[in-house]
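Report on the structure given below.
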């Protein structure tokens with residue numbers, strides 16, 4: 005009995021140590037994939053159970069099916085269901101697609117790997133990444149005490165001066181574990197992307213035209229030559245039916261530009277912080293009408309007014325959004341506008357930087 009009790013105590017101590025070690029992963033992490041693509045990982049403990057979410061390069065943060073630990077290694081797994089289609093596009097079956105992230109931590113740094121099976125099941129796709137712990141979000145700033153500098157006119161209504169076409173960040177080939185095989189990976193700049201941006205009657209216009217039966221054309225995004233930190237930005241935007249674009253604040257937080265008039269509130273609607281903050285009010289106008297945006301970014305908190313109504317009020321942004329230029333929220337960056345989705349028109353773009 006004495007030996008049994010001693011063994012139980014040793015096992016209990018080891019289990020407690022394992023749980024204590026696991027807590028070093030708690031928090032939010034800015035990830036950078038091997039190809040330079042941005043990512044974001046959150047690890048938390050809900051009622052004693054580890055949980056979290058992952059954003060990997062594009063899209064929105066996705067809840068992980070399970071987070072668990074093996075010694076000093078974190079395992080975050082997400083199980084999704086893929087639809088397998090035949091040549092006509094008909095769904096012929098569904099199959100489970102596991103995506104596994106593993107990572108180790110040293111202080112405020114992560115090192116890890118993301119693995120998933122290839123579509124044909126004949127290879128394991130692997131991408132390494134690094135991560136840095138994101139400092140805790142500060143309290144919401146008192147915007148009545150924030151001072152703004154002189155207005156900067158970003159678009160003069162005559163030319164693209166001050167703007168640079170940037171090849172749309174997109175998927176391209178990376179080596180897989182199977183010799184000679186390829187898998188999609190992150191390519192942040194595509195010099196071959198077509199520039200669809202122009203100026204017409206005082207309006208900044210993007211026309212990413214595609215032609216039926218011809219090769220798909222990849223169009224460039226557009227970003228400012230200047231970089232900014234915190235600021236207030238005002239602009240007007242006009243979207244076509246089913247229009248979809250976005251403007252990235254500091255190159256990392258996307259404010260969605262979308263024809264979502266009449267749709268239920270969602271974190272992918274017009275004026276939302278894409279995938280992160282849902283507007284509290286539906287203030288969109290129908291497609292084809294000019295709409296005004298008034299956006300304030302201070303201390304990683306966003307306020308968005310759409311057509312004169314406050315739809316997001318001084319809300320914290322937990323991390324970068326999909327398609328960001330990088331995951332580091334501490335650095336200044338440009339404004340950049342998506343040009344590789346649909347057409348969009350903008351005018352009267354004025355920025356007032358925050359005076360620190």
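Numbering (the numbering used here), first residue to last: 5 to 360.
Glycine included, C-beta positions come from ideal geometry on N, C-alpha and C.
Source: prediction; values computed, not measured.
Residue i: first and last residue of the uninterrupted beta strand (DSSP E) it sits in
i           : result
residue 57  : 53 to 60
residue 85  : 77 to 89
residue 258 : 257 to 262
residue 98  : 95 to 110
residue 309 : 305 to 310
residue 250 : 248 to 253
residue 71  : 70 to 74
residue 170 : 167 to 170
residue 202 : 201 to 204
residue 238 : 235 to 242
residue 208 : 207 to 210
Residue i, DSSP secondary structure in three states
i           : result
residue 147 : helix
residue 176 : Bear in mind that the predicted position of residue 176 carries a pLDDT of just 39, short of 50, making it too unreliable to give a figure here.
residue 25  : helix
residue 224 : coil
residue 117 : strand
residue 159 : coil
residue 353 : strand
residue 191 : The pLDDT assigned to residue 191 is 42, lower than 50, so where the model puts this residue is not dependable; a value taken from the coordinates is nonetheless given after this. Residue 191 falls in the strand class under three-state DSSP.
residue 64  : strand
residue 182 : Confidence in residue 182 is poor, its pLDDT being 34 and thus under 50, which makes the residue's placement unreliable; the coordinate value appears in the next sentence. Coil.
residue 359 : coil
residue 337 : strand
residue 385 : Nothing about residue 385 can be reported from this structure: the residues present for the chain run from 5 to 360 only.
residue 214 : coil
residue 130 : strand
residue 232 : strand
residue 347 : coil
Distance cut-off 7 Å: residue i Cβ against heavy atoms of the ligand SAH
i           : result
residue 228 : Absent from the structure shown: the ligand SAH. Ligands present: none.
Residues bridged to residue i [DSSP beta-bridge criterion]
i           : result
residue 1   : Here the chain covers residues 5 to 360 and nothing more, so residue 1 does not appear.
residue 50  : 53
residue 198 : 223
CB contact check: residue i to chain D, cutoff 8 Å
i           : result
residue 137 : The displayed structure is made up of one protein chain only, and chain D is not part of it.
I want to know whether the region 103 to 117 touches the region 283 to 293 - three or more CB-CB distances under 8 Å.
no
Segments of 4+ residues assigned as alpha helix (DSSP H) that fall wholly inside the region 272 to 328
none
With three or more beta-carbon pairs closer than 8 Å as the criterion, would you say the region 342 to 350 touches the region 205 to 220?
yes
So, do the region 239 to 256 and the region 290 to 308 have three or more beta carbon pairs nearer to each other than 8 Å?
yes
Do three or more CB pairs link the region 116 to 125 to the region 302 to 322 at distances below 8 Å?
No: the two stretches stay apart, fewer than three of their Cβ pairs being nearer than 8 Å.
Contact between the region 295 to 310 and the region 145 to 159: three or more CB pairs below 8 Å?
The region 295 to 310, when compared against the region 145 to 159, does touch it at the 8 Å Cβ threshold.
Pairs of beta-carbons, one from the region 214 to 234 and one from the region 257 to 277, closer than 8 Å: are there three or more?
At 8 Å Cβ cutoff, the stretches do not touch.
With a cut-off of 8 Å, do at least 3 Cβ pairs link the region 268 to 279 to the region 331 to 338?
no
Is the number of C-beta pairs between the region 151 to 168 and the region 58 to 77 that are closer than 8 Å three or more?
Too few Cβ pairs lie closer than 8 Å, so no.
Three or more C-beta pairs closer than 8 Å, one from the region 45 to 63 and one from the region 87 to 97: is that the case here?
Pairwise C-beta distances place the region 45 to 63 out of contact with the region 87 to 97, as fewer than three of them are shorter than 8 Å.
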